[in-house]
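K.L.:
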Amino acid sequence: DAGVIQSPRHEVTEMGQEVTLRCKPISGHNSLFWYRQTMMRGLELLIYFNNNVPIDDSGMPEDRFSAKMPNASFSTLKIQPSEPRDSAVYFCASSLRGSLGNGYTFGSGTRLTVV
Amino acid sequence: AQTVTQSQPEMSVQEAETVTLSCTYDTSESDYYLFWYKQPPSRQMILVIRQEAYKQQNATENRFSVNFQKAAKSFSLKISDSQLGDAAMYFCAYHNTDKLIFGTGTRLQVFP
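Protein chains in written order, with my numbering: chain A, 8 to 122; chain B, 300 to 411.
1) In three-state DSSP terms, what is D397/B?
2) Among E18/A, I33/A, V19/A and G23/A, which residue has its Cα nearest to the Cα of A9/A?
3) Where does L103/A fall in DSSP's three states?
4) Can you tell me the Cα-Cα spacing of R362/B and M22/A, whole angstroms?
5) Under a Cβ-count criterion, where at least 16 other Cβ atoms within 10 Å of its own Cβ denotes burial, should K337/B be classed as buried or exposed?
6) Of the residues that make up the segment 392-408 of chain B, which ones have a beta carbon closer than 9 Å to any beta carbon in chain A?
7) Per the DSSP calculation, D70/A is bridged to which residue(s)?
8) Tell whether a beta-carbon distance below 9 Å holds between S38/A and S94/A.
9) Looking only at DSSP bridge pairs, what is I54/A linked to?
10) Going along the segment 337-367 of chain B in order, which residues come within less than 7 Å of chain A, judged by CB to CB distance?
11) Could you tell me whether any Cβ in chain C is nearer than 9 Å to the Cβ of R104/A?
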């Protein structure tokens with residue numbers, strides 16, 4: 008298994024532009040999570056999906072952020088318009104719900120820089 | 300709400316020595332999981348060790364072991380025979396139901 012695949016690995020964009028981050032979870036996993044990591048706030052859970060359905064988006068910072076999971080093998084996190092304070096590393100993780108003991112498998116993250 | 304606290308922002312250890320990283324958490328649940336994740340400079344999140352709350356026996360994975368004190372809500376990580384490759388950020392995490400909640404991390408330096 009190739010693990011959780013995120014793209015791009017790095018993204019540099021100008022303030023006001025739309026940014027789309029992509030994630031392919033591990034095949035067979037039915038839960039998907041988006042985290043944001045910054046020096047100031049650490050690892051924050053933004054949103055998670057169970058069986059492609061958004062369950063809790065209370066961590067999404069504001070309306071500029073949106074996430075979708077159109078099928079079991081793909082999810083996107085979109086920021087529109089982007090702002091410099093959105094600069095962070097964004098992680099996607101997946102797991103098999105009901106197998107908590109296995110923890111989550113994380114992707115390599117997308118480092119987003121908004122200038 | 301569940302919270303996870305790592306009170307040591309940085310720790311250092313000499314190669315081949317032992318170091319313990321601290322973690323406390325707050326929850327009213329009785330059944331949950333606890334994890335330690337390692338994040339090296341490559342930024343990959345790597346699962347180091349896990350503990351089920353209903354198991355009294357402390358988990359061990361090679362040089363990594365935990366001291367799980369359920370009543371005290373404490374979950375420390377001991378790294379024995381430290382190696383240069385152990386240098387990384389270490390995150391304690393709590394999981395029940397659907398969410399994995401992380402502490403703020405401890406940066407571990409390993410000196411030769």
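For glycine and all other residues, C-beta sits at the position ideal for the given N, C-alpha and C. Fair warning: this is a prediction, and the values are worked out from it, not measured in the lab.
P.N.:
According to the structure data:
1) The count along the second sequence starts at 1 and reaches residue 397/B at position 98. Of the three classes helix, strand and coil, the one that applies to D397/B here is coil, per DSSP.
2) Position 2 of the first sequence holds residue 9/A. Comparing Cα positions, the closest option is I33/A.
3) Reading the first sequence from its first residue, position 96 is the one you call residue 103/A. When secondary structure is reduced to three states using DSSP, L103/A falls in the coil class, being assigned neither helix nor strand.
4) Numbered from 1 along the second sequence, position 63 holds the residue referred to as residue 362/B. Numbered from 1 along the first sequence, position 15 holds the residue referred to as residue 22/A. Taking C-alpha positions only, R362/B is separated from M22/A by approximately 46 Å.
5) The residue labelled residue 337/B in the question sits at position 38 within the second sequence. When all chains shown are included, K337/B counts as buried.
6) A392, H394, N395, T396, D397, K398, L399, I400, F401, G402, T403 and G404
7) Here the question's residue 70/A lines up with position 63 in the first sequence. DSSP output for D70/A lists no bridge partner at all.
8) By 1-based counting over the first sequence, the position of residue 38/A is 31. By 1-based counting over the first sequence, the position of residue 94/A is 87. No.
9) Residue 54/A sits at position 47 when you count from the first residue of the first sequence. Paired residues: W41/A.
10) R342, Q343, M344, L346, R349 and E351
11) Protein chains A and B are contained in the structure displayed, whereas chain C is not.
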